[in-house]
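Novice: Just so you know, numbering that gives the first Met the number 0 puts 165 at position 166 of the sequence shown, and the rest follows in order with no gaps. Structure provided below as structure tokens; questions to follow.
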Amino acid sequence: MKNIVIFGAPGSGKGTQSDLLISKYGFKHISTGDVLRAEIKAGTELGKTAQSYIDDGHLIPDALMIEILAHKYDELCPCEGLIFDGFPRTVPQAEALKAMLAERGTAVSAMLELAVPEAELMERLILRGQTSGRADDNEETIKKRLGVYLNQTAPLIEWYEKEGLRHAINGSGTLESINAALCNVIDSL
Ligand code: AP5
Ligand code: MG
């Protein structure tokens, strides 16, 4: 089983590229952002808790996020492959993922890092905000999300480098060229 972590800043193309990989490989997909937005839409207790964090551009607390992830994983797997989109986002989440997969006799196969310059991220998200309806796609919250990414999530680049799992991919360019670079890595696993 392949466990692929698709990693990158807000707007780096995690969701877009996940969709392309799913249609090519038939992998399952966990987007923690999508899971939380669905809970908000359904008006659940979890959704109510998540909303204030998301609208503010902050991360949901690790313990809660890890519990949600494990639940979602067991719902979808066993399966041929799974894409983790937006998880892990902190070192404790990466450690929890490693332990959770080890308990299930598997491991992360690769961390694919979509590297995109900050000005381009900002441009993409402001453009998306015109139609996405996402409460966090406004200039002020986007700036906060990028700050949170740099402080809390970017340290995972070195963490996965040390694990020997990091593959840096140029996340600027056409969807097809980026997708081809991701597929090259996946096919080599
Ligand atoms: P989440 O939903 O994961 O948002 P994010 O990480 O901020 O990333 P986005 O979904 O905005 O961007 P993306 O990388 O998927 O890019 P996309 O493909 O859409 O998380 C939202 C919130 O939930 C967090 O802030 C946090 O509060 C909470 N949360 C989620 N997971 C959590 C966790 N693990 N722990 C704690 N809290 C958590 O592309 C962006 C735009 O660019 C699109 O319009 C797209 O069409 C366009 N685009 C894509 N590729 C290209 C390209 N090559 N060229 C030009 N445009 C492109
Ligand atoms: Mg996304």
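Beta carbons: idealized from backbone N, C-alpha and C, even for Gly.
Whole angstroms is fine: what's the gap from R123's alpha carbon to T15's?
Specialist: The straight-line gap from Cα to Cα measures roughly 12 Å.
Novice: Contact between the region 74-81 and the region 45-55 is defined here as three or more beta-carbon pairs at a separation below 8 Å; is this criterion met?
Specialist: No, the region 74-81 is not in contact with the region 45-55.
Novice: Counting pairs of beta carbons, one from the region 54-67 and one from the region 86-102, are three or more of them closer than 8 Å?
Specialist: Because the criterion of three Cβ pairs below 8 Å is met, the region 54-67 and the region 86-102 touch.
Novice: To the nearest angstrom, how far is it from the Cα of G32 to the Cα of K71?
Specialist: Cα-Cα distance, rounded: 13 Å.
Novice: Can the beta-carbon of R165 be found closer than 8 Å to that of E112?
Specialist: In contact: R165 and E112 (Cβ atoms closer than 8 Å).
Novice: Please report the straight-line C-alpha distance between A179 and E138, rounded to a whole angstrom.
Specialist: The alpha-carbon atoms of A179 and E138 are separated by roughly 31 Å.
Novice: By the 10 Å Cβ neighbour count, where 16 or more other Cβ atoms means buried, how is K13 classified, buried or exposed?
Specialist: Buried, since its Cβ has 16 or more Cβ neighbours within 10 Å.
Novice: In this structure, does DSSP put G7 in helix, strand or coil?
Specialist: DSSP places G7 in strand when its eight states are reduced to three.
Novice: Residues in the same chain with beta-carbon distance under 7 Å from G85, minus the five sequence neighbours each way, listed in chain order, please.
Specialist: Once the five neighbours on either side are set aside, the close Cβ partners of G85 are K13, S30, T31 and G32.
Novice: Spell out the partners DSSP gives I29 in its beta bridges.
Specialist: DSSP, once it has assigned bridges, lists F83 as partnering I29.
Novice: Cβ of R144 within 7 Å of any heavy atom in the ligand AP5?
Specialist: Indeed, a heavy atom of the ligand AP5 lies less than 7 Å from the Cβ.
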